[in-house]
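Visitor: Before we start, here is the structure in question, set down as structure tokens.
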Amino acid sequence: MPHAANRSLLLLALLLTALPPRLAAADEWPSFRGRFAHGVADGQRLPTEWDAATGRNVRWKTPIPGLGHSSPVVWGDRVFVTTAVADQVAEPVLGDEGGIGLEDDREREIAWRIYALDLASGEVVWQAEPYRGAPRAQRHVKASHANSTPATDGKTVVAIFGSQGLVAFDVGGRELWRRDLGVLDPGLYGDPASQWGHSSSPVLWNGRVFVQVDRHADSYLAAYDLTDGREIWRVARDEKPIWATPTIRPTPGGAELIVVGGDFDRGYDPETGRELWRFARDLEVKTTTPLVAGDTIVLSGGYRGRPLYALAAGRRGDLGSTEGGEGLLWASEPGGPYTSTPVVVDGWVHFVRNTGILTVLSLATGETAYRERLEGNFSASPVASDGKIYLAAEEGTVWTVAAGPEFELLGRSDMGEPCLASPAIAGGTLLLRCRSHLWAIGATDGAD
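Its first residue numbered 408, the sequence shown is counted upward by one per residue in the working numbering.
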């Protein structure tokens with residue numbers, strides 16, 4: 408009987424680990440898109456609107472020097488964000504005006520920094536500058552040299568500074584280790600001279616750091632020991648260049664590392680790097696993160712509004728392709744997101760195209776509930792809290808809409824500066840990283 412009780416407790420602990428973020432700690436947003444990339448944090452009591460000019464529902468704003476599109480991450484009372492600082496740097500081009508143009512900063516000296524801020528006040532607690540010098544690769548005119556979002560487990564914070572490398576700090580700011588990942592130069596497929604900048608973010612799980620490097624040549628997926636940076640395993644990948652971040656799917660039977668690829672989307676065993684399953688989805692310019700909702704894996708992205716595809720989670724081997732197969736549950740109509748990752752709330756998939764078309768689909772069937780146009784261009788991924796979806800437009804407008812199958816606009820807030828990074832939610836605060844500031848949005852003086 409004691410052994411059975413222990414097994415029951417272990418199973419309960421594993422199931423709690425796999426629960427969606429609405430049941431996770433309210434003061435944790437530890438990686439890109441939050442816990443397990445769901446993009447949801449409930450119980451936050453966030454306002455629907457705020458006024459950046461007057462300070463209504465603005466708890467603080469802190470200047471962040473340099474240029475970066477990485478999102479903030481949160482653990483407890485600390486917020487971490489990265490940036491790339493130079494004396495002179497060309498402003499990122501919004502919308503599609505830049506086409507496939509490149510910005511060559513390789514003659515400039517750049518300082519790559521990580522900042523730790525106090526969540527309550529916005530005060531900078533510490534900063535570190537692990538790299539300084541000329542970048543080893545170019546960037547797209549819309550990108551930065553700090554695209555990748557850091558990740559933390561509350562003890563260690565890890566960041567990828569593009570081709571400069573992977574570095575880990577303790578939460579007090581002491582550097583622990585660093586690793587050279589090589590030149591990270593993903594760009595237009597078939598054109599090795601095209602270097603748009605790395606953006607895939609690190610993922611932490613079970614004492615390991617997972618890094619996806621899909622570039623023009625010699626692509627790989629690797630696991631490093633979080634304690635000392637030792638490489639545990641590396642898997643070669645023959646894939647088109649992509650910019651997506653992997654997702655961990657924890658289950659009582661063992662976790663999966665879900666990784667988007669230009670040719671195949673795959674599941675890997677995070678302990679060994681062994682491939683568990685694959686799904687053929689041959690597309691260029693994939694940037695969206697794979698999304699897990701219950702027993703469904705939602706895949707999106709690809710150049711110019713491709714369909715979304717839903718796979719049955721937990722299966723092994725060849726799951727088929729976009730044309731069909733035993734793993735494919737449904738495919739939506741064309742018109743999916745180009746750069747931003749969807750968010751699922753109460754069985755509804757919400758996403759926005761880069762051109763501002765907001766769409767809601769049924770998670771069960773893939774059928775469209777509605778499409779509605781929002782003003783602006785969108786690179787940031789939507790996030791959700793307490794039945795509200797927050798969508799940040801590049802031009803600086805944050806739209807708040809009701810979650811669910813019927814469109815309802817709840818609020819519109821102007822930040823006064825461009826916003827390309829995906830927001831974070833923790834500690835009753837919506838954190839928005841815009842062009843020059845990190846903003847903390849929360850109800851002040853009882854305002855809503």
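Glycine included, C-beta positions come from ideal geometry on N, C-alpha and C.
Tell me whether the beta-carbon of Gly-636 lies closer than 8 Å to the beta-carbon of Ala-575.
Guide: Yes, these two residues count as a Cβ contact at 8 Å.
Visitor: Figure out for me which residue from Val-618, Ser-606, Asn-613 and Asp-503 has the closest Cα to the Cα of Pro-657.
Guide: Asn-613
Visitor: Output needed for Glu-582: all residues of its chain with C-beta closer than 7 Å, excluding positions within five of it in sequence on either side, in chain order.
Guide: Ala-535, Pro-537, Val-574 and Phe-576
Visitor: Helix, strand or coil for Gly-823, going by three-state DSSP, please let me know.
Guide: coil
Visitor: Apart from the five residues on each side of it in sequence, which residues of its chain come closer than 6 Å, Cβ to Cβ, to Pro-428?
Guide: Note that Pro-428 scores a pLDDT of 37, beneath 50, so its modelled location is shaky; the value from the coordinates is reported in the next line. If we look at Pro-428 and ignore the five residues flanking it on each side, its Cβ neighbours are Gly-441, Arg-442, His-445, Val-447 and Ala-448.
Visitor: I'd like the span of the beta strand (DSSP E) that includes Pro-470, first residue to last.
Guide: 465–470
Visitor: Can you check the stretch 690–768 for any alpha helix (DSSP H) of at least 4 residues that lies completely inside it and give the ranges in chain order?
Guide: none
Visitor: By the DSSP assignment, the beta strand (DSSP E) with Glu-779 in it spans what residues?
Guide: 775–780
Visitor: At the level of alpha carbons, what is the spacing between Val-751 and Val-705?
Guide: 10 Å
Visitor: Assign Ser-747 to buried or exposed, taking buried as 16 or more other Cβ atoms, counted over all protein chains shown, within 10 Å of its Cβ.
Guide: So Ser-747 ends up on the buried side.
Visitor: Go through the stretch 609–688 residue by residue and report every complete run of the beta strand (DSSP E) that reaches 3 residues or more, in order.
Guide: 610–612, 615–620, 626–632, 638–644, 654–656, 663–666, 671–675 and 682–687
Visitor: Short of 8 Å in beta carbon distance, which residues of its chain neighbour Leu-715, apart from the five on each side in sequence? Order them along the chain.
Guide: Val-705, Leu-706, Ser-707, Ala-738, Ser-739, Gly-743, Pro-749, Val-756, Phe-758, Leu-768 and Gly-773
Visitor: Between Leu-430 and the rest of its own chain, which residues show a CB-CB distance below 6 Å, the 5 nearest in sequence each way excluded?
Guide: Here Leu-430 scores only 35 on pLDDT, less than 50, and its place in the model is too uncertain to base an answer on.
Visitor: Going by beta carbon distance, what residues of the same chain come within less than 8 Å of Arg-819, once the five residues before and after it are set aside?
Guide: Glu-456, Thr-804, Val-805, Trp-806 and Thr-807
Visitor: Going by alpha carbons, who is nearest to Val-666 out of Arg-681, Leu-683 and Pro-697?
Guide: Pro-697
Visitor: Leaving out the 5 sequence neighbours to the left and right, which residues in its chain are closer than 6 Å to Gly-569 when beta-carbon positions are compared?
Guide: His-552, Leu-591 and His-605
Visitor: Count the other CB atoms within 10 Å of the CB of Gln-495; is the residue buried (16 or more) or exposed (fewer)?
Guide: exposed
Visitor: Using 8 Å as the Cβ pair cut-off and three pairs as the minimum, do the stretch 476–493 and the stretch 508–526 touch?
Guide: The stretch 476–493 makes contact with the stretch 508–526, as at least three CB pairs between them are under 8 Å.
Visitor: Below 7 Å CB to CB, which residues in the same chain sit around Asp-821 once its five sequence neighbours on both sides are set aside?
Guide: Ala-459, Gly-803 and Thr-804.
Visitor: By DSSP's criteria, Arg-546 is part of a beta bridge. Which residues make up the other side?
Guide: Glu-510.
Visitor: With respect to the beta strand (DSSP E) encompassing Phe-576, which residues constitute its N-terminal and C-terminal limits?
Guide: 573–577
Visitor: Can you find at least 3 beta carbon pairs, one from the stretch 718–728 and one from the stretch 674–690, that sit closer than 8 Å?
Guide: The stretch 718–728, when compared against the stretch 674–690, does touch it at the 8 Å Cβ threshold.
Visitor: Given this structure, state the Cα-to-Cα distance separating Val-548 from Gly-660, to the nearest angstrom.
Guide: The alpha-carbon atoms of Val-548 and Gly-660 are separated by roughly 44 Å.
Visitor: Grouping DSSP H, G and I as helix and E and B as strand, with all else coil, what is Ala-431?
Guide: Residue confidence is low: Ala-431 scores 44 on pLDDT, short of 50, so the model does not pin down where it sits. No coordinate-derived value is stated.
Visitor: Just to check my reading of the structure: Leu-838 and Pro-499 have Cβ atoms closer than 8 Å, yes? What is that Cβ distance to the nearest angstrom?
Guide: Contact between Leu-838 and Pro-499 is ruled out by a C-beta separation of about 20 Å, above the 8 Å threshold.
Visitor: Is it true that the CB of Asp-793 sits closer than 8 Å to the CB of Leu-453?
Guide: yes
Visitor: So Lys-795 is in the beta strand (DSSP E); what residue range does that whole segment cover?
Guide: 795–799
Visitor: Measuring CB to CB, does Ser-477 end up less than 8 Å from Thr-556?
Guide: yes
Visitor: Could you spell out the range, first to last residue, of the beta strand (DSSP E) harbouring Ser-792?
Guide: Taken as a continuous stretch (DSSP letters only), the beta strand (DSSP E) holding Ser-792 covers 790–792.
Visitor: Arg-543 and Glu-510 - do their beta-carbons sit closer together than 8 Å?
Guide: no
Visitor: For Leu-845, is the classification buried or exposed, using 16 other Cβ atoms within 10 angstroms of its Cβ as the cut-off for buried?
Guide: buried
Visitor: Alpha carbon to alpha carbon, what distance is there between Thr-679 and Leu-798?
Guide: 37 Å
Visitor: By DSSP, does Ile-452 sit in helix, in strand, or in coil?
Guide: Note that residue 452 corresponds to Arg in the displayed sequence, not to Ile. Coil at Arg-452, not helix or strand.
Visitor: Going by C-alpha distance, which of Ser-607, Leu-524 and Ala-550 is nearest Gly-580?
Guide: Leu-524
Visitor: Within this structure, are the beta carbons of Tyr-745 and Gly-712 separated by less than 8 Å?
Guide: yes
Visitor: Am I right that Tyr-675 and Leu-628 are in contact with their C-beta atoms under 8 Å? What's the rounded C-beta distance?
Guide: That belief holds up - the Cβ atoms of Tyr-675 and Leu-628 are roughly 7 Å apart, short of 8 Å.
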